[in-house]
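Per our numbering: the sequence shown ends with 1013, consecutive numbering throughout.
The C-beta atom is built at its ideal place from N, Cα and C for all residues, glycine as well.
It should be emphasised that the depicted structure is a prediction, and the values quoted were computed from it without experimental measurement.
Read the structure below first, then the notes.
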Amino acid sequence: MRYDFAPMEGLTDSIYRRIHHRFFPGVDRYIMPFLSPTVHRSLTHKEDRELPFADKEDFVAVPQILTKSAEDFLWAAQVCADRGYREVNLNLGCPSGTVVSKGKGSGMLSDLAGLDAFLEEIFSRCVLPISVKTRLGLTQPEEFPAILEIFNRYPMVELTVHPRVRKQFYDGDVNLEMFRYAHENSRNPLCYNGDLKSKADIEKIARQFPQINAVMLGRGLVADPSMLSQEPADAAKLEAFMNELLENYMEAFGGSRNAMFRLKENWHFLITRFSGAEKLWKRLRKTTDLGEYKAVCGEIFHTLPLISPENVE
């Protein structure tokens, strides 16, 4: 089984990927948070930083592209190829309102003729192999068979399916029956993504769908960064990991304010691993003082018991 770390905007940036890989081996590939090209045909300073040359990293990373323009996609894919990447991933799953309103991400699933034309253009001209990450549709899972019929026309490296529709965002149950439909009818290799919070969850999916050879983990792996490592991390290792992230973010952002803001996004998931964390989590969310931030983090790591990943709700 191959393990991919899902692209999570504001969480799994280049700093996080590098430090996570060093602390917690086990991820086979990191899918980068999306690059959204424009007609200006240039990378912003942030995009340039977040798309390092592939040979500068000692792990495998795959750039993800978010756009509804075939020409913009092809330009971005060429940039990725020039930087040494061997694959690009097309984002057809982002449920964000601002993304969908522009007809991007999962918004592209509402216009099947337009989606087909877009895929025809990029698959016929792209310099790199293309994988795709998708949802089941916009509002109803019954939309998916028609979407999959279009996907089957194109030679994807892999199709990652998050079996929810856009309107669910990340709420409610995943639709395993519709993923089974993909399992039985996709002509492209499949990767499963959705609600994998422990190794037991991964094993369950592997038993249910034996033909898939890859899973993608997101929120569950942020909450339990060592999920794929041989040994689960204790509080001391999690503390060292978070301290390393803080130091690197402070250097990258030129101060503590944005660094703490970024790490509070991370803590939103990690805090679920600690029992009785409500009061400390409230203090952590409110603080803007670096000293207090460090003190509260220390109190969490040194006084609260860790919850086994299998018991996290």
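* At what residues does the alpha helix (DSSP H) containing A933 begin and finish? -> For this step, residue 933 is matched to residue 233 along the sequence shown. No residue range can be given for A933, since it is assigned to no alpha helix (DSSP H) and is classified by DSSP as neither H nor E.
* Give the single residue among L945, L938, G954 whose Cα lies nearest to the Cα of E999. => Looking up residue 999 in the sequence shown gives position 299. Ranking L945, L938, G954 by Cα distance to E999 puts L938 first.
* Pull up the CB-CB distance for A906 and M701, whole angstroms please, since I reckon it's below 8 Å. => Stepping through the sequence shown from its first residue, residue 906 is reached at position 206. Stepping through the sequence shown from its first residue, residue 701 is reached at position 1. Right, the Cβ-Cβ distance comes to about 6 Å (below 8 Å), so this counts as a contact.
* Asked: Taking just the CA atoms, how far does E771 sit from L819?
  -> Here the question's residue 819 lines up with position 119 in the sequence shown. Here the question's residue 771 lines up with position 71 in the sequence shown. For L819 and E771, the distance between alpha carbons rounds to 11 Å.
* DSSP-derived helix/strand/coil call for D901 -> For this step, residue 901 is matched to residue 201 along the sequence shown. Judged by DSSP in its simplified three-state form, D901 adopts helix.
* Classify H745 as buried or exposed, calling it buried when 16 or more other Cβ atoms lie within 10 Å of its own Cβ. => Position 45 of the sequence shown, counting from 1, holds the residue named residue 745. Exposed: under 16 other Cβ atoms inside 10 Å.
* Any 3 or more C-beta pairs closer than 8 Å across the region 886 to 893 and the region 856 to 864 -> Yes, the region 886 to 893 touches the region 856 to 864.
* Where do the ends of the alpha helix (DSSP H) carrying D772 lie? -> Mapped onto the sequence shown, residue 772 falls at position 72. That run of the alpha helix (DSSP H) goes 770 to 782.
* **Own chain residues within Cβ distance below 6 Å of F724, not counting five before or after** => As a first step, residue 724 is located in the sequence shown; it is residue number 24 there, counting from the start. Listed in chain order, the non-local C-beta contacts of F724 below 6 Å within the same chain comprise P925, S926, S929, local neighbours out to five positions each way being set aside.
* Would you mind working out which of Y870, V762, S824, I850 sits nearest R717, comparing C-alpha positions? => By 1-based counting over the sequence shown, the position of residue 717 is 17. It is V762.
* To do: Using three-state DSSP, classify K833 as helix, strand or coil.
  => As a first step, residue 833 must be located in the sequence shown, where it is residue number 133. K833 sits in a strand when the DSSP states are folded into three classes.
* Asked: Going along the chain, which residues of its own chain have a beta-carbon closer than 6 Å to the beta-carbon of F969, five neighbours each way excluded?
  -> For the purposes of this step, residue 969 is identified with residue 269 of the sequence shown, where counting begins at 1. The beta carbon of F969 is closer than 6 Å to those of R919, V922, A923 in its chain, skipping five residues each way along the sequence.
* Beta-carbon spacing of L945, N958 below 9 Å -> Sequence index remark: in the sequence shown, residue 945 carries index 245 (1-based). Sequence index remark: in the sequence shown, residue 958 carries index 258 (1-based). Taking 9 Å as the Cβ cut-off, L945 and N958 do not qualify as a contacting pair.
* Asked: What number of angstroms, rounded off, separates the C-alpha of E903 from the C-alpha of R864?
  -> Counting from one through the sequence shown, the residue named residue 903 turns up at place 203. Counting from one through the sequence shown, the residue named residue 864 turns up at place 164. The alpha-carbon of E903 is positioned some 20 Å away from that of R864.
* To do: Go to N913, then tell me how far its alpha helix (DSSP H) extends in each direction, as first and last residue.
  => Counted from its first residue, the sequence shown places residue 913 at position 213. Taken as a continuous stretch (DSSP letters only), N913 belongs to no alpha helix (DSSP H), as it is neither H nor E.
* Does the distance from the C-beta atom of V739 to that of I765 stay below 9 Å? -> Start at 1 with the first residue of the sequence shown, and residue 739 comes out as number 39. Start at 1 with the first residue of the sequence shown, and residue 765 comes out as number 65. Taking a C-beta distance under 9 Å as the contact criterion, V739 and I765 do not qualify as a contact pair.
* State the start and end residues of the unbroken alpha helix (DSSP H) segment that holds R718. => To locate residue 718, count along the sequence shown from 1; it is residue 18. Secondary structure note for R718: its alpha helix (DSSP H) is the uninterrupted segment 714 to 723.
* Considering R983, what are the terminal residues of the alpha helix (DSSP H) in which it resides? -> Along the sequence shown, read from residue 1 onward, the residue named residue 983 stands at position 283. Looking at the DSSP string, the run of the alpha helix (DSSP H) that includes R983 is 978 to 986.
* **Beta-bridge partners of C891, as assigned by DSSP** => The residue given as residue 891 occupies position 191 in the sequence shown. T860, per the DSSP bridge assignment.
* Is the CB-CB distance between V760 and D728 below 9 Å? -> The residue you call residue 760 lines up with position 60 of the sequence shown. The residue you call residue 728 lines up with position 28 of the sequence shown. Yes.
* To do: Starting from V996, follow the beta strand (DSSP E) in both directions and report where the run begins and ends.
  => Along the sequence shown, one-based indexing puts residue 996 at 296. Where V996 is concerned, there is no enclosing beta strand (DSSP E), although the alpha helix (DSSP H) it sits in stretches over 990 to 1003.
* **Extent of the continuous beta strand (DSSP E) run through V874** => Taking the first residue of the sequence shown as position 1, residue 874 is located at position 174. Taken as a continuous stretch (DSSP letters only), V874 belongs to no beta strand (DSSP E), as it is neither H nor E.
* Asked: To which residues of the same chain is R749 closer than 7 Å at the C-beta, ignoring the five residues directly before and after it?
  -> Locating residue 749 in the sequence shown gives position 49, where the first residue counts as 1. Cβ neighbours of R749 beyond the five flanking positions: S714.
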